[in-house]
Amino acid sequence: MHKHILIVAALAGLGFSAPALNAEVYTFRTIVKTGDSAPGTIGGEFTEFGYPDFNLAGQVAFAAETNVVLGSSGYWWTPVPPSSNPNALAMITGTGYPIPGGPAQVRFGDFDFAYYGPMLTDAGDVGFSAPLSGLDEPNEVGLFRLIDGAMTKVAIPGDPAPGIPGVTFDWVTNLATMNANNLMAFKSRLTGPGVNANNDQALYMHWFGGLNMIKREGGSVPGGPR
Numbered sequence: 002m003h004k005h006i007l008i009v010a011a012l013a014g015l016g017f018s019a020p021a022l023n024a025e026v027y028t029f030r031t032i033v034k035t036g037d038s039a040p041g042t043i044g045g046e047f048t049e050f051g052y053p054d055f056n057l058a059g060q061v062a063f064a065a066e067t068n069v070v071l072g073s074s075g076y077w078w079t080p081v082p083p084s085s086n087p088n089a090l091a092m093i094t095g096t097g098y099p100i101p102g103g104p105a106q107v108r109f110g111d112f113d114f115a116y117y118g119p120m121l122t123d124a125g126d127v128g129f130s131a132p133l134s135g136l137d138e139p140n141e142v143g144l145f146r147l148i149d150g151a152m153t154k155v156a157i158p159g160d161p162a163p164g165i166p167g168v169t170f171d172w173v174t175n176l177a178t179m180n181a182n183n184l185m186a187f188k189s190r191l192t193g194p195g196v197n198a199n200n201d202q203a204l205y206m207h208w209f210g211g212l213n214m215i216k217r218e219g220g221s222v223p224g225g226p227r
């Protein structure tokens, strides 16, 4: 059986010496490999890895699968730069674990590598989309952030849609983006009073103080005809 190994490279500009001619030098280190213990699970071991993200400090975040039920898939990361502890590895969250700030019955579902991956900032914070279980519809998606080690909910189906009284999120995308200031932007589908096929989609941005609607389907286009 082939072992899958997660490896990252650190650039010369991160404190590693570079030879003449400005050639880039990479220092490789093994983060984890299949068969290694999976932190956050009860006796679990890693069986497969998704695509990783890494930052300028050398921290890494990645999706993975394990051989146990609770935490059978999820996100893991190196919570501190390798200069502090090159062997540090911790779970962000996994299948079966409760979500923050949501109904008690809602938990994280099965992470499919084709649809889910973490977004790691250079400050070491993480934004991510995640599958959910326990809602009315299967295969729902939620958005979350891990900032300074604390995880918070950004949006899940059923949450109020800011800026539209009485309307809620029917669906949120798994393809969100997050910048260096931990501000997340995403597409959503809406449900509620006055919502129809011509105005049921909107773009939101996680700005300081909360979510703000950027644009809604059916609205005017800036610079376009009035």
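My numbering numbers the first residue of the sequence shown as 2 and each following residue consecutively. We put the CB at the ideal spot given by N, CA and C, even for glycine. No experiment lies behind these values; they were computed from the predicted model shown.
Neighbourhood of residue i by C-beta distance below 6 Å, restricted to the same chain and skipping five residues each side
{"i": "D123", "result": "N56, L57"}
{"i": "T178", "result": "A186"}
{"i": "F114", "result": "G51, A64"}
{"i": "P83", "result": "G59"}
{"i": "T174", "result": "F187, K188"}
{"i": "H207", "result": "V155, L184, M185"}
{"i": "A62", "result": "D54, W78, P119, L121, V127"}
Short Cβ contact (7 Å threshold) for residue i with residue j
{"i": "G72", "j": "G95", "result": "yes"}
{"i": "T48", "j": "T67", "result": "yes"}
{"i": "R108", "j": "G135", "result": "yes"}
{"i": "P132", "j": "D160", "result": "no"}
{"i": "M92", "j": "G125", "result": "no"}
{"i": "G193", "j": "V168", "result": "yes"}
{"i": "L144", "j": "S130", "result": "yes"}
For residue i, the three-state DSSP class (helix, strand or coil)
{"i": "Y205", "result": "strand"}
{"i": "Y27", "result": "coil"}
{"i": "N85", "result": "According to the sequence as given, residue 85 is Ser; it is not Asn. Coil."}
{"i": "V168", "result": "coil"}
{"i": "P101", "result": "coil"}
{"i": "P194", "result": "coil"}
{"i": "T153", "result": "strand"}
{"i": "S221", "result": "coil"}
{"i": "A258", "result": "Residue 258 is absent from the structure shown; the chain starts at 2 and stops at 227."}
{"i": "T48", "result": "strand"}
{"i": "G211", "result": "strand"}
{"i": "I43", "result": "coil"}
{"i": "P161", "result": "strand"}
{"i": "V33", "result": "strand"}
{"i": "D137", "result": "coil"}
One or two residues paired with residue i in a DSSP bridge
{"i": "D54", "result": "A62"}
{"i": "Y269", "result": "Shown here, the chain extends from 2 to 227; a query on residue 269 therefore has no answer."}
{"i": "F114", "result": "DSSP lists no partner for F114."}
{"i": "S130", "result": "L144"}
{"i": "V69", "result": "Answer is none; V69 lacks a bridge partner."}
{"i": "A186", "result": "T178, M206"}
{"i": "V107", "result": "Note: V107 sits in no beta bridge, so no partner."}
Cβ neighbours of residue i in the same chain (closer than 8 Å, five flanking residues each side left out)
{"i": "W172", "result": "E141, V142, P158, S189, R190"}
{"i": "A39", "result": "G45, E46, F47, A65, T67, V69, G72, W77, M92"}
With 16 other Cβ atoms within 10 Å as the buried cut-off, status of residue i
{"i": "V70", "result": "exposed"}
{"i": "W77", "result": "buried"}
{"i": "Y205", "result": "buried"}
{"i": "V269", "result": "Shown here, the chain extends from 2 to 227; a query on residue 269 therefore has no answer."}
{"i": "L176", "result": "exposed"}
{"i": "A198", "result": "exposed"}
{"i": "P139", "result": "exposed"}
{"i": "D149", "result": "exposed"}
{"i": "V222", "result": "exposed"}
{"i": "L153", "result": "The residue asked about is misnamed: residue 153 is Thr in this sequence, not Leu. Exposed, since its Cβ has fewer than 16 Cβ neighbours within 10 Å."}
Cβ-based neighbour list, residue i, same chain, cut-off 7 Å, excluding 5 preceding and 5 following
{"i": "D37", "result": "E46, F47"}
{"i": "N200", "result": "R217, E218, G219"}
CB contact check: residue i to chain C, cutoff 7 Å
{"i": "G128", "result": "Of the protein chains in the structure, only one exists, and it is not chain C."}
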